[in-house]
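If you're matching them up, the sequences are chains A and B in order. My numbering applies: residue 914 is where the first sequence begins, and numbers increase by one. My numbering applies: residue 10 is where the second sequence begins, and numbers increase by one.
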Amino acid sequence: QQQVKQSPQSLIVQKGGISIINCAYENTAFDYFPWYQQFPGKGPALLIAIRPDVSEKKEGRFTISFNKSAKQFSLHIMDSQPGDSATYFCAASMRSGYSTLTFGKGTMLLVSP
Amino acid sequence: GAVVSQHPSRVICKSGTSVKIECRSLDFQATTMFWYRQFPKQSLMLMATSNEGSKATYEQGVEKDKFLINHASLTLSTLTVTSAHPEDSSFYICSARGTGDSDEQYFGPGTRLTVT
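If you want it as structure tokens, here you go:
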């Protein structure tokens, strides 16, 4: 049973546009929600993360919106650039010393020039 | 800060041989390290969780005798793929979580294993 559902699978956005990737989770015990960016042949890099005590977190062009009642969270990339073209993974975990990350299936983003 | 390295970055080995992959946290101490494998165009699949000084916890379906994990110090974990077969060819990625009450995991650059 997939606990974190991510959509869309792929996304094409024009340069300067807004990229939006959505994730939904099932386990209400999750309380840490990070987003990772991965370029081909590289390991994932932490972009931004949120905890359920806030509904939004912004870092530069990246914003996470969190809806606890709907059990959904999304990544918004403002002013998307060709350098943002990568695969993005949402994840979730429970706050505990031994908690593991549950990943979504990933979204391949292509930002056209 | 929070840099994780992996060595080697690429390895090609013959079927039946063993391969060791190292994962190091360079500027922090990692109480817990994780090993993932990733097939092309797929998500990361957790293989095992290792805590320094104790036995690794393997995910369901992962053969502990085939994928040997050693977390001997707070900065080093190793994954040994024993008797490798072509189906073990994959991208192996480690991550590390620091000491203290931190949820963040920092990922290594990955190791591309090709078994011929």
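Using N, Cα and C, we set each Cβ at its ideal position, and we do this for glycine too.
Taking all protein chains shown into account, do 16 or more other C-beta atoms lie within 10 angstroms of the C-beta of A:SER932, making it buried, or fewer, making it exposed? As a position in the first sequence, residue 932 of chain A is number 19, starting the count at 1. That one is buried.
The beta strand (DSSP E) spanning A:ILE933 covers which residue range? Numbered from its first residue, the first sequence carries residue 933 of chain A at position 20. Element bounds for A:ILE933: 932 to 938.
Any idea what DSSP makes of A:PRO957, helix, strand or coil? Along the first sequence, read from residue 1 onward, the residue named residue 957 of chain A stands at position 44. Looking at A:PRO957 - three-state DSSP - the assignment turns out to be coil, as it is neither helix nor strand.
Nearest-angstrom beta carbon gap, B:ILE30 and B:THR123 [assumed within contact, 8 Å]: Counting from 1 along the second sequence, the entry for residue 123 of chain B is found at position 114. Counting from 1 along the second sequence, the entry for residue 30 of chain B is found at position 21. Not quite, the Cβ-Cβ distance comes to about 13 Å (not below 8 Å), so this is no contact.
So if DSSP puts A:ALA962 in a beta bridge, which residue, or which two residues, is it bridged to? Numbered from 1 along the first sequence, position 49 holds the residue referred to as residue 962 of chain A. Per DSSP, A:PRO947.
With 8 Å set as the bound, which would you pick, yes or no: does the beta-carbon of B:TYR101 sit closer than that to a beta-carbon of chain A? Residue numbering aside, residue 101 of chain B sits at position 92 when the second sequence is read from its first letter. Taking Cβ atoms only, chain A never reaches closer than 8 Å to B:TYR101, which makes this a no.
Using only the alpha-carbon positions, how far apart do A:GLN916 and A:ASN940 sit? Position 3 of the first sequence holds residue 916 of chain A. Position 27 of the first sequence holds residue 940 of chain A. Rounded to whole angstroms, A:GLN916 to A:ASN940 spans 7 Å at the Cα level.
Just by C-beta distance, which residues in the region 25 to 47 of chain B are closer than 8 Å to chain A? THR40, THR41 and PHE43
Which residues DSSP lists as bridging B:VAL20, in chain order: Here residue 20 of chain B refers to the residue found at position 11 of the second sequence. In the DSSP output, where bridge partners are listed per residue, B:VAL20 has B:LEU122.
Cβ distance (whole Å) where B:TYR115 is taken to contact B:TRP44 below 8 Å: Locating residue 115 of chain B in the second sequence gives position 106, counting from the first residue. Locating residue 44 of chain B in the second sequence gives position 35, counting from the first residue. That pair is no contact at about 14 Å.
Got a sec: which bits of the region 53 to 76 of chain B sit with their beta carbon under 7 Å from any beta carbon on chain A, in order along the chain? LEU53, LEU55 and THR58
Distance, A:TRP948 Cα to A:GLY996 Cα: Along the first sequence, read from residue 1 onward, the residue named residue 996 of chain A stands at position 83. Along the first sequence, read from residue 1 onward, the residue named residue 948 of chain A stands at position 35. Cα-Cα distance, rounded: 17 Å.
Closest by CA to B:HIS80, which one among B:SER98, B:ALA93, B:ASP74 and B:THR66? What you label residue 80 of chain B is simply residue 71 of the second sequence in a count that begins at 1. With distances taken between Cα atoms, B:HIS80 lies closest to B:THR66.
Residue burial classification, A:GLN922 (beta-carbon count within 10 angstroms, cutoff 16): To locate residue 922 of chain A, count along the first sequence from 1; it is residue 9. Label assigned to A:GLN922: exposed.
Listed in chain order, which residues of the region 936 to 950 of chain A have Cβ atoms closer than 9 Å to some Cβ of chain B? ASP944, TYR945, PRO947 and TYR949
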